[in-house]
Structure formats: structure tokens, C-alpha cells
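What follows is a short report on a single structure.
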Amino acid sequence: TLVVVGTIDGRVHGVCGDTGAVKWSVETGGPMLSAFQNSSMFGAGTVVPSINGGVFLLGEDRTLQALPVSAQELVHNSPFVGEDGTVYVGAKRTQLLMVDAETGQVDSVVSGDGLFAG
8 TLVVVGTIDG
18 RVHGVCGDTG
28 AVKWSVETGG
38 PMLSAFQNSS
48 MFGAGTVVPS
58 INGGVFLLGE
68 DRTLQALPVS
78 AQELVHNSPF
88 VGEDGTVYVG
98 AKRTQLLMVD
108 AETGQVDSVV
118 SGDGLFAG
């Protein structure tokens, strides 16, 4: 039995369901979550998305502050202006990989905008 597992680093793994051994791994082109921010707005802090949809600001002093918006809200309402005047912009990218279950070779890729490669 093959179990297909996606990891936050953007890889997809074929794992043997009986033994847990990794049979193959595929790079999908980047992490599942990423963030970019204007340094004039957040200084040296870093905007950090979480796997459960929260968005946080990691400060220079290593403190973590929840931002008043979820990743889903950010994408759905993008662009919008927060109560403090901050402009939030978000996007979602989807792609479907067709992978040979035996070898892990990517046979083709379909992006969320309908582009097909393969």
C-alpha cells in the first residue's frame, strides 16, 4: 500500500503503508506556505504564516504577535486595508502533480490557472 504525504517544505513523498519506508520524494517547486513583507512596514520583523491559517509577526526580539487577519481572509479579501492602515495583499497558488506511483516521476503538472505541462 502506498501512502502519499505532502510536507510543509513543499515535497511530496510516496511512503510504504506497511513499513513506513519512503519509496520516493518529489520537489513541487517551493514550500506550501511562504510570506513576503515590505521592510518599511514591519522593520526587521518577519511575517510568518502558520499551517492552521494564522498569520504572525516574529519581531526582532523573537516575540510572536498574531496579526488581525487569517491567511484565508488575506487571500479572499485581497487587497484590503486593516484598521491600523496596513494594506494586506494575499494570493493562493494551486497545482496538481500527476506522479507515477511506482517511480515518483512527475508525468505532468496542471496549475490552478489551467496551464498544463507534461
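Using my numbering, you'd call the opening residue of the sequence shown number 8 and step up by one each time.
For each residue, glycine too, the CB sits at the ideal point set by N, CA and C.
Residue i by DSSP, collapsed to three states: which one?
{"i": "Glu-67", "result": "coil"}
{"i": "Ala-73", "result": "strand"}
By the DSSP assignment, the beta strand (DSSP E) with residue i in it spans what residues?
{"i": "Ser-57", "result": "Careful: Ser-57 lies outside any beta strand (DSSP E) and carries neither H nor E."}
{"i": "Gly-21", "result": "18–23"}
{"i": "Gly-13", "result": "9–13"}
Taking the alpha carbon of residue i as the reference point, which residue from the options has its own alpha carbon closest?
{"i": "Gly-36", "options": "Gln-79, Gly-13 and Gln-72", "result": "Gly-13"}
{"i": "Ile-15", "options": "Ser-57, Pro-75 and Gly-61", "result": "Ser-57"}
{"i": "Gly-77", "options": "Arg-69, Val-54, Asp-68 and Gly-66", "result": "In the sequence on display, residue 77 carries Ser and not Gly. The shortest C-alpha separation from Ser-77 is found at Val-54."}
{"i": "Thr-98", "options": "Thr-110, Ser-85 and Asp-91", "result": "Strictly speaking, residue 98 in this sequence is Ala, with Thr absent from that position. The shortest Cα separation from Ala-98 among Thr-110, Ser-85 and Asp-91 belongs to Ser-85."}
{"i": "Glu-196", "options": "Asp-68, Thr-26 and Asn-59", "result": "Outside the modelled stretch of the chain, which goes from 8 to 125, sits residue 196, for which no answer is possible."}
{"i": "Gly-92", "options": "Val-82, Asp-25 and Pro-75", "result": "Pro-75"}
{"i": "Gly-27", "options": "Val-10, Asp-68, Met-39 and Val-33", "result": "Val-10"}
**Item:** Entirely enclosed alpha helix (DSSP H) segments - the region 80–114, minimum 4 residues
**Value:** none
**Request:** Please determine if the region 103–121 and the region 8–27 are in contact, where contact requires at least 3 C-beta pairs separated by less than 8 angstroms.
**Result:** yes
**Asked** Should the region 94–102 be regarded as contacting the region 112–120, the criterion being three or more beta carbon pairs within less than 8 angstroms?
**Response** As far as the Cβ criterion goes, the region 94–102 touches the region 112–120, which means the pair count is three or higher.
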